[in-house]
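Chemist:
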Amino acid sequence: MSDVVLAMDSVVKRFGDHEVLKGVSLQLHRHEVVCLIGASGSGKSTLLRCANLLETIDEGHVSLFGQNLVDPRIDPDLVRRHIGMVFQSYNLFPHLDVLENVVLGPVRALKRDRAEVEEEAQALLERIGLRDRAHDYPERLSGGQQQRVAIVRSLAMRPALLLLDEVTSALDPTLVGEVLDLLVDLAHRGTTMLIATHEMNFARDVAHQVVYLDAGVLVEQGTPEQIFTNPQHDSTRSFLQRVR
Amino acid sequence: MTIDADVDASKETPNFFAPWHRRLFVGRRGLVASTVSSALIVVAIALLLFVAPGGATFRYVFFDGHNLWLAWVGDPRLGIDSLRDGMVTNIWMFLVSEVLVLFFGLMIAWCRISQSPVLLPFRVLATAYTDVMRGIPLILTMLIIGFGLPELRLPVISSQSDAVYGVISLTLCYSAYVAEVIRAGIYSVPNGQRLAARSLGLTQTVTMRRVILPQAIRNVIPPLLNDFISLQKDTAIVSVLGAIEVVRAAQIFSAATFNESGLTLAAIFFIVLTIPMTRFTDRLLAKDRAKRLVHE
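Quick mapping for you: the protein sequence lines, in order, are chains P and E. Residue 243 is where the first sequence ends in numbering that gives the first Met the number 0, and the numbering goes up by one at each step. Residue 295 is where the second sequence ends in numbering that gives the first Met the number 0, and the numbering goes up by one at each step.
Encoded structure:
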């Protein structure tokens, strides 16, 4: 298929003696939403970080739009400009106001015109209902608001792919909904996303593919129906029972 | 029913009343304690200045109003110079040094934390530099620079004034201290900030300049201020090179008047310099916190 965005092939990642990813292969197509599920420490976050080269892989291949990212001639900064990443702990820049957080990437990395970017940023903030908070500092916002700003910050780069690393895990249960709603909206607009999550209902609703990781091994992959109603492996079954 | 709760392990009712030797420090009596201790200190100073056998001489030699005034205004008819010219020298020396120290300190810290293989020689050099410059007493650096550079007989470098050599020495010494403070500040910024910035495709340099350093500097403003206050006071050491800064000027004043009140004026000068700076940065930090954080 020609519309493969991200392809990982037998990716191995070690931290010292500890093998975190033991040969994981995965493909992500344009407009596809893939959810990674699995216990903490199963390698979900590491997998996401290998995709945007925050971690270098030890064996295997990662390619983005058919270009091999393991090639030494690849500039990681150019790769990351096309991949948005959102973190569990938001990681907004506390010394910049909301608007500055959103425009920093497009202005400083893409060297785009500030006025134009600010207009786009305001429109994005309007979409998440935070336009009137544009000049507030992140620490004055609620967790849910901060996380939505973080998502908008990566959208402002107009990425081809969005990586989301347990983006609701640090949130108060009452604030999870507003962030998931935004992600559902993004999914309906056809945003290509790779999502590590513990929200099983969300995964069931929006994912095209669900991937179950256990101790660095991709145990099972399939549509949400296959994984949630008829898992093939014992470890998948027992994991799903434990999270329910 | 038997009760075996861990939180109720002690059977006795606790006593919350302070023992006799703590009575003075609990509750409203804290005020009494502070008043008593302040009074004691005032008495001790009075004893030193007014009751000591040489108290009267001491007060005349160091705190004489007429001589303090004379040191401030000078008297051309008696050939006595005002200390103010010296003060101006101290002020420009520390202003120039502080700007240079901030710049070089930043550069050295940057070299020390860089991971880039290209910067390896700089990293080694920067580490050696901080080790050496923090190890040498400032007065030695001052003497080596002040008497050494002119010996080189190089154009420009060897023909500077003593004050300029003083600025060079202060910069050399304090850059090493400030570099370590800034380095600590950089490490105090959570790693998630770097990850978020790099994920936006910002280069290492832009990440440092736009994301890490602004936060790092805010975190280290109090210790940085400490070093700057030290630096301001250490401009006095330039007197060993013969530059007429305030301490040197006070000594000349003493020689002319046989009175040391010039030294007292110099001390007052340094105090007056540092206190407003401390209050200013306190205000700055408080304003920044109020802007960024929810009201606590």
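Even for Gly, the Cβ is constructed at its ideal location relative to N, Cα and C. For clarity, every value in this text was computed on a predicted model and none was experimentally measured.
So the candidates are E:I40, E:L262 and E:E97; which of them puts its Cα closest to the Cα of V177 (chain E)?
Modeler: Your numbering for residue 177 (chain E) matches position 178 in the second sequence. The shortest C-alpha separation from V177 (chain E) is found at E:E97.
Chemist: According to DSSP, is S41 (chain P) part of a helix, a strand, or is it coil?
Modeler: Residue numbering aside, residue 41 (chain P) sits at position 42 when the first sequence is read from its first letter. Shown here, S41 (chain P) sits in coil according to DSSP, grouped into three states, outside any helix or strand.
Chemist: So, with DSSP's three-state summary, where would you put L5 (chain P)?
Modeler: Locating residue 5 (chain P) in the first sequence gives position 6, where the first residue counts as 1. Looking at L5 (chain P) - three-state DSSP - the assignment turns out to be strand.
Chemist: Would you list, in sequence order, the uninterrupted alpha helix (DSSP H) runs of no fewer than 4 residues that lie entirely inside the segment 169 to 225 of chain E?
Modeler: 190 to 198, 203 to 206 and 212 to 218
Chemist: Could you pull out every residue in the same chain whose Cβ sits closer than 8 angstroms to the Cβ of R13 (chain P), ignoring the five residues on either side in sequence?
Modeler: To locate residue 13 (chain P), count along the first sequence from 1; it is residue 14. Taken in chain order, the residues that qualify are V19 and D57.
Chemist: Using the beta-carbon of each residue, which ones in chain P are nearer than 7 angstroms to P221 (chain E)?
Modeler: Translated into the one-based positions of the second sequence, residue 221 (chain E) becomes position 222. Neighbours of P221 (chain E) on chain P: none; closest Cβ ~17 angstroms, over 7 angstroms.
Chemist: Since V32 (chain P) and V205 (chain P) are thought to touch, with beta carbons under 8 angstroms apart, how far apart are those beta carbons, to the nearest angstrom?
Modeler: Sequence index remark: in the first sequence, residue 32 (chain P) carries index 33 (1-based). Sequence index remark: in the first sequence, residue 205 (chain P) carries index 206 (1-based). That belief holds up - the Cβ atoms of V32 (chain P) and V205 (chain P) are roughly 5 angstroms apart, short of 8 angstroms.
Chemist: Is D70 (chain P) helix, strand or coil by DSSP?
Modeler: Locating residue 70 (chain P) in the first sequence gives position 71, where the first residue counts as 1. Residue state, collapsed to three classes: coil.
Chemist: State the Cα-Cα distance for the pair G29 (chain E) and R21 (chain E), rounded to the nearest angstrom.
Modeler: In the second sequence, the residue the question calls residue 29 (chain E) occupies position 30. In the second sequence, the residue the question calls residue 21 (chain E) occupies position 22. Approximately 10 angstroms, taken between the alpha carbons.
Chemist: Spell out the partners DSSP gives I36 (chain P) in its beta bridges.
Modeler: In the first sequence, residue 36 (chain P) corresponds to position 37, counting from 1. Paired residue(s): P:Y211.
Chemist: Assign T173 (chain P) to one of two classes, buried (16 or more other C-beta atoms within 10 Å of its C-beta) or exposed (fewer than that).
Modeler: In the first sequence, the residue the question calls residue 173 (chain P) occupies position 174. Under this definition T173 (chain P) is an exposed residue.
Chemist: Roughly how many angstroms lie between the CA atoms of T235 (chain P) and K290 (chain E), to the nearest whole one?
Modeler: Position 236 of the first sequence, counted from the first residue, corresponds to residue 235 (chain P). Position 291 of the second sequence, counted from the first residue, corresponds to residue 290 (chain E). Cα-Cα distance, rounded: 48 angstroms.
Chemist: So, with DSSP's three-state summary, where would you put F86 (chain P)?
Modeler: Here residue 86 (chain P) refers to the residue found at position 87 when the first sequence is read from its first residue. Three-state DSSP puts F86 (chain P) in coil, outside helix and strand.
Chemist: Alpha carbon to alpha carbon, how far is C110 (chain E) from V205 (chain E)? Give it in angstroms, no decimals.
Modeler: Residue numbering aside, residue 205 (chain E) sits at position 206 when the second sequence is read from its first letter. Residue numbering aside, residue 110 (chain E) sits at position 111 when the second sequence is read from its first letter. Cα to Cα, V205 (chain E) sits roughly 15 angstroms from C110 (chain E).
Chemist: Let me know if A114 (chain P) comes out buried or exposed under the rule of 16 or more other beta-carbons within 10 Å of its beta-carbon.
Modeler: Stepping through the first sequence from its first residue, residue 114 (chain P) is reached at position 115. With fewer than 16 Cβ atoms within 10 Å of its Cβ, A114 (chain P) is classed as exposed.
Chemist: Which full runs of the alpha helix (DSSP H) of 4+ residues lie inside the segment 109 to 175 of chain E, going along the chain?
Modeler: 119 to 134 and 137 to 150
Chemist: Closest to A195 (chain E) by CA distance: which of P:Q144, P:A186, P:S88 and P:V242 is it?
Modeler: As a first step, residue 195 (chain E) must be located in the second sequence, where it is residue number 196. Among P:Q144, P:A186, P:S88 and P:V242, the Cα nearest to that of A195 (chain E) is on P:S88.
Chemist: At which residues does the alpha helix (DSSP H) containing Q231 (chain P) begin and terminate?
Modeler: In the first sequence, the residue the question calls residue 231 (chain P) occupies position 232. No residue range can be given for Q231 (chain P), since it is assigned to no alpha helix (DSSP H) and is classified by DSSP as neither H nor E.
Chemist: L53 (chain P) touches chain E at which residues, Cβ-Cβ below 9 angstroms?
Modeler: Taking the first residue of the first sequence as position 1, residue 53 (chain P) is located at position 54. Within chain E, the residues near L53 (chain P) are L194, R197 and S198.
Chemist: Is V117 (chain E) close to chain P? Criterion is C-beta to C-beta, closer than 8 angstroms.
Modeler: Position 118 of the second sequence, counting from 1, holds the residue named residue 117 (chain E). It does not; no Cβ of chain P falls within 8 angstroms.
Chemist: Which class does R29 (chain P) belong to by DSSP, given the choice of helix, strand or coil?
Modeler: In the first sequence, the residue the question calls residue 29 (chain P) occupies position 30. Residue state, collapsed to three classes: coil.
Chemist: Taking any Cβ of chain E, which residues in the segment 108 to 138 of chain P have a Cβ under 7 angstroms from it, in chain order?
Modeler: A108, Y136 and E138
Chemist: So is K286 (chain E) in contact with chain P if we call contact Cβ pairs under 8 angstroms?
Modeler: Working through the second sequence from its first residue, we reach residue 286 (chain E) at position 287. Judged by the 8 angstroms Cβ criterion, K286 (chain E) is not in contact with chain P.
Chemist: Mind checking whether R152 (chain P) and V78 (chain P) have CB atoms under 8 angstroms apart?
Modeler: Along the first sequence, one-based indexing puts residue 152 (chain P) at 153. Along the first sequence, one-based indexing puts residue 78 (chain P) at 79. No, the Cβ-Cβ distance between R152 (chain P) and V78 (chain P) is not below 8 angstroms.
Chemist: Beta-carbon within less than 6 angstroms of V237 (chain E)'s beta-carbon, same chain only, minus the 5 sequence neighbours each way: which residues are those?
Modeler: As a working mapping, residue 237 (chain E) is identified with position 238 in the second sequence. Taken in chain order, the residues that qualify are G165 and E244.
Chemist: If we count the other Cβ atoms within 10 Å of its Cβ and call it buried at 16 or more, is I211 (chain E) buried or exposed?
Modeler: As a first step, residue 211 (chain E) is located in the second sequence; it is residue number 212 there, counting from the start. When all chains shown are included, I211 (chain E) counts as buried.
Chemist: How many angstroms separate the CA atom of A120 (chain P) from the CA atom of I150 (chain P)?
Modeler: On the first sequence, position 121 is the one that residue 120 (chain P) refers to. On the first sequence, position 151 is the one that residue 150 (chain P) refers to. When rounded, the distance between both Cα atoms is 12 angstroms.
Chemist: Considering only the alpha carbon of each residue, which of E:S253, E:T256 and E:S229 lies closest to N89 (chain E)?
Modeler: The sequence position of residue 89 (chain E) within the second sequence is 90, counting from 1. The residue with the shortest Cα to Cα distance from N89 (chain E) is E:S229.
Chemist: Measure the alpha-carbon distance for P158 (chain P) versus L185 (chain P) and round it to whole angstroms.
Modeler: In the first sequence, the residue the question calls residue 158 (chain P) occupies position 159. In the first sequence, the residue the question calls residue 185 (chain P) occupies position 186. One C-alpha to the other measures close to 12 angstroms.
Chemist: I need the boundaries of the beta strand (DSSP E) containing L91 (chain P), first residue and last residue.
Modeler: The sequence position of residue 91 (chain P) within the first sequence is 92, counting from 1. From DSSP, L91 (chain P) is part of no beta strand (DSSP E); its letter is neither H nor E.
Chemist: What number of angstroms, rounded off, separates the C-alpha of E295 (chain E) from the C-alpha of T228 (chain P)?
Modeler: Looking up residue 295 (chain E) in the second sequence gives position 296. Looking up residue 228 (chain P) in the first sequence gives position 229. Unreliable placement is indicated for E295 (chain E), whose pLDDT of 43 sits below 50; the coordinate value is still reported in the next sentence. Answer to the nearest angstrom: the Cα atoms are 49 angstroms apart.
Chemist: Touching or not, the segment 178 to 185 of chain E and the segment 145 to 164 of chain E, by the rule of three or more beta carbon pairs under 8 angstroms?
Modeler: Three or more beta-carbon pairs separated by less than 8 angstroms are not found between the segment 178 to 185 of chain E and the segment 145 to 164 of chain E, which leaves the two stretches without contact.
Chemist: May I ask you to verify whether the segment 61 to 71 of chain E touches the segment 260 to 269 of chain E, counting CB pairs closer than 8 angstroms and requiring at least 3?
Modeler: yes
Chemist: Please classify H17 (chain P) as buried or exposed, where buried requires at least 16 neighbouring CB atoms within 10 angstroms.
Modeler: Against the first sequence, residue 17 (chain P) aligns to sequence position 18. By the neighbour-count rule (16 or more Cβ atoms within 10 Å), H17 (chain P) is not buried but exposed.
Chemist: Of all the CB atoms in chain E, is at least one closer than 8 angstroms to the CB of H94 (chain P)?
Modeler: Counted from its first residue, the first sequence places residue 94 (chain P) at position 95. So yes, H94 (chain P) belongs to the interface.
Chemist: Following the continuous alpha helix (DSSP H) through D287 (chain E), name the residue where it begins and the one where it ends.
Modeler: Locating residue 287 (chain E) in the second sequence gives position 288, counting from the first residue. Its alpha helix (DSSP H) spans residues S260 to R291.
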